[in-house]
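Below: one structure, written as structure tokens.
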């Protein structure tokens, strides 16, 4: 959840992020979907939002020992569609090796 209680879901099957309105219930469409080649997501595992509603997505959890596959993609608050991350946390100095869970304080 973010600061306005929207719910963020990591869809591993199609490497997309779905965002649902606060209080969503039943068969409702997401209010945001981040999906497509520009997202860089190929093995999405977890998603979280910070206090400014920026969206963080961990990639590469199913591909251990693949440092080029392991990264955290950061998307702007309100991002939706076929969008590129605003930044990517990646590389040998990060120590990332199949990041699975994100926790933002």
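Numbering (my numbering), first residue to last: 2 to 106. For each residue, glycine too, the CB sits at the ideal point set by N, CA and C. Quantities reported herein were computed from a predicted structural model and do not represent experimental measurements.
In the three-state DSSP reduction, residue 60 falls in the strand class (E or B). For the options 79, 93 and 50, the alpha carbon positioned closest to that of residue 102 is the one of 50. Here residue 95 is exposed: its Cβ has fewer than 16 other Cβ atoms, across all protein chains shown, within 10 Å. Per the Cβ contact rule, the region 82-96 is not in contact with the region 13-32 (fewer than 3 Cβ pairs under 8 Å). A distance below 6 Å between beta-carbons, with the five flanking residues on each side excluded, links residue 36 to the following residues of its chain, in chain order: 17.
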